[in-house]
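Report on one structure; see the data block that follows.
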Amino acid sequence: PPRARLLDCADFTDAARRVLPRDVWDFIAGGAGRERTLAANEAAFGSVRLRPRGLSAVGEPDTAIRVLGDRWGAPLGIAPLAYHELAHADGESGTAEAAGALGLPLVVSTFASQPLERIRAAAGTSTPLWLQLYCFRDQRVTDGLARRAADAGYQALVVTVDTPYMGRRLRDLRNDFRVPAHIRPANLEPDRQAPPGGATDTDSPSAHSRSAFCPDQDWTVVGRLRRLSGLPVLAKGVMTAQDTRAALSAGAAGIVVSNHGGRQLDGAPAALDALGEVVTAAEGRVPVFLDGGVRGGADAFVALALGATAVFVGRPVLYALAADGAPGVRRLLSLLCGELTDTMVFTGHRTVPSIDATAVEMPR
Ligand code: FNR
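Numbering of the sequence shown is given in the UniProt record's numbering, commencing with residue 8 and proceeding in unit increments.
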């Protein structure tokens, strides 16, 4: 599609739908069960109204923030997403290059299709990279990835707490979805992914998660990863005050409010609707992030107004990559930053930390 027509997040979605094979589109776009939580994530943003302010003399707002000692160009990052090469041959290094150009952080998935070191090099020196970890039955796999990320110059680890195994994703079951043979989890050794006798084949993500992920994991993993890597460890997939307290007790350096983009527990609330409960329970002790349903700079603004330090964007990044590789992701990210800037100007906010609940109206 002509680049000039990519003016809104939805334009990237439409472009990706046209170019991706049907089963890959379904793998990315789909959620668990009846996809109620998937739909709720985006819908939740639609019911919040922004409060315009006039003649507020904000000039050029500053979107930059500091997180765990690093500068981010805006309170927007890229959520961990498996196999960027499914969307485009540029893969994670293309995404990293785009993130690096804007000084925005990228969370690299355990199931990245390119090596951690190559992604680090593509991002450049000034952009934060975090590594997302799933907990494997074979603890050496999880721990090895954590050490490798530290050696490669990653800034933090993100443990996904909502995935003892993958949710029931009906589109993938109906399509019998398999990751094409030329796309591999580049940072996992084939012989280490499953216990002896278990399935070793990573082609079906859901079957692989059943055999390789550890459904018995508890919160002690946070402290273990912290000690062995020396990196801050965040917990991703927290939706309740109870889990917020568990994460804090375990020593988490931050929390990502997320329902995995509606791909795990269908029937869970929208991420935005869980944000307040988590922010309250965190008592300002650690930064609280959100992912799920962010489809524009104004959505990011709403999450910030309701207490998030920053937001992560998931599917739209793969759509932008599918549409136009690394330049597509760069264009999407600058679009989101531009929309956030507009929203700050029209609501009278010069800096990100000044954005608070007085800027929005909640549904009655
Ligand atoms: C994901 N997500 C995810 N999360 C994670 O912790 N590790 C992973 O490897 C993946 N992989 C993955 C692949 C695909 C195709 C999707 C769509 C999602 C979940 C992701 O990090 C995030 O929570 C949601 O995608 C955020 O919601 P939106 O922005 O997609 O609505």
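Yeah, the Cβ is synthetic: ideal placement off N, Cα and C, and Gly gets one too. None of these values were measured; they are calculated from a predicted model.
Tell me whether residue i, by its Cβ, gets closer than 7 Å to a heavy atom of the ligand FNR.
i, result
"H95", "no"
"V31", "no"
"P87", "yes"
"L325", "yes"
"R25", "no"
"D298", "yes"
"residue 406", "The first residue shown for the chain is 8 and the last is 371, placing residue 406 beyond what the model contains."
"L139", "One detail in the question is off: residue 139 reads as Gln in this sequence, not Leu. Yes, the ligand FNR has a heavy atom inside 7 Å of this Cβ."
"S265", "yes"
"G321", "yes"
"I35", "yes"
"R43", "no"
"N48", "yes"
"R270", "yes"
"V168", "no"
"V301", "yes"
Given a cut-off of 8 Å on the beta-carbon distance, is the pair residue i and residue j in contact?
i, j, result
"A289", "T251", "yes"
"I362", "F308", "yes"
"G244", "A39", "no"
"L136", "L113", "yes"
"T316", "P59", "no"
"V324", "T149", "no"
"R191", "S120", "yes"
"residue 1", "V55", "Lying outside 8 to 371, the shown extent of the chain, residue 1 is not represented and no answer is given."
"D298", "S265", "yes"
"L164", "L195", "no"
"A193", "P122", "yes"
"A156", "S236", "yes"
"Y172", "L138", "no"
"F52", "D280", "no"
"V168", "L232", "no"
"G321", "G268", "yes"
"L343", "G303", "yes"
"G300", "N48", "yes"
"N182", "D30", "yes"
"A188", "V229", "no"
"A129", "E104", "yes"
"R144", "A219", "yes"
"Y326", "F34", "no"
"L340", "A106", "yes"
"V74", "M351", "no"
"C16", "C142", "no"
"S213", "D179", "yes"
Between which two residues does the beta strand (DSSP E) holding residue i run?
i, result
"I262", "261 to 264"
"T167", "163 to 167"
"L136", "136 to 140"
"L113", "113 to 115"
Along the alpha helix (DSSP H) that carries residue i, what are the first and last residues, could you check?
i, result
"G151", "146 to 158"
"I126", "123 to 130"
"D21", "16 to 26"
"R181", "177 to 182"
"D33", "29 to 36"
Compute the beta-carbon to beta-carbon distance between residue i and residue j, rounded to the nearest angstrom, for a pair I have assumed lies under 8 Å.
i, j, result
"residue 3", "A108", "Nothing about residue 3 can be read from this structure; the chain reaches only from 8 to 371."
"A312", "L282", "Incorrect: roughly 10 Å between the Cβ atoms, too far for contact."
"A260", "V293", "6 Å"
"W32", "R24", "6 Å"
"D69", "T365", "D69 to T365, Cβ: 19 Å. No contact."
"E124", "A89", "About 19 Å; that fails the 8 Å criterion."
"A330", "V26", "7 Å"
"I72", "F319", "Their Cβ separation, rounded to whole angstroms, is 13 Å, which puts I72 and F319 out of contact at 8 Å."
"R176", "G37", "5 Å"
"Q271", "T170", "6 Å"
"D273", "R12", "The pair is not a contact, with the Cβ atoms about 34 Å apart (cut-off 8 Å)."
"T117", "L152", "7 Å"
Taking 7 Å as the cut-off, is the beta-carbon of residue i closer than that to any non-hydrogen atom of the ligand SAM?
i, result
"T117", "This structure lacks the ligand SAM; its bound ligands are the ligand FNR."
Next item on the list: Note down, one range per segment and in chain order, each beta strand (DSSP E) of at least 3 residues found wholly within the stretch 38 to 101.
Entry: Runs of the beta strand (DSSP E) lying entirely within the stretch 38 to 101 and spanning at least 3 residues, in chain order: 72 to 74, 77 to 79, 83 to 85.
Margin query: Just to confirm the assignment: which complete beta strand (DSSP E) runs, minimum length 3, are found wholly within the stretch 267 to 332?
Written below: Runs found: 295 to 298, 317 to 320.
Check: What beta strand (DSSP E) runs, 3 residues minimum, are completely inside the stretch 208 to 252?
Finding: With a minimum length of 3 residues, the continuous beta strand (DSSP E) runs that stay inside the stretch 208 to 252 are 240 to 245.
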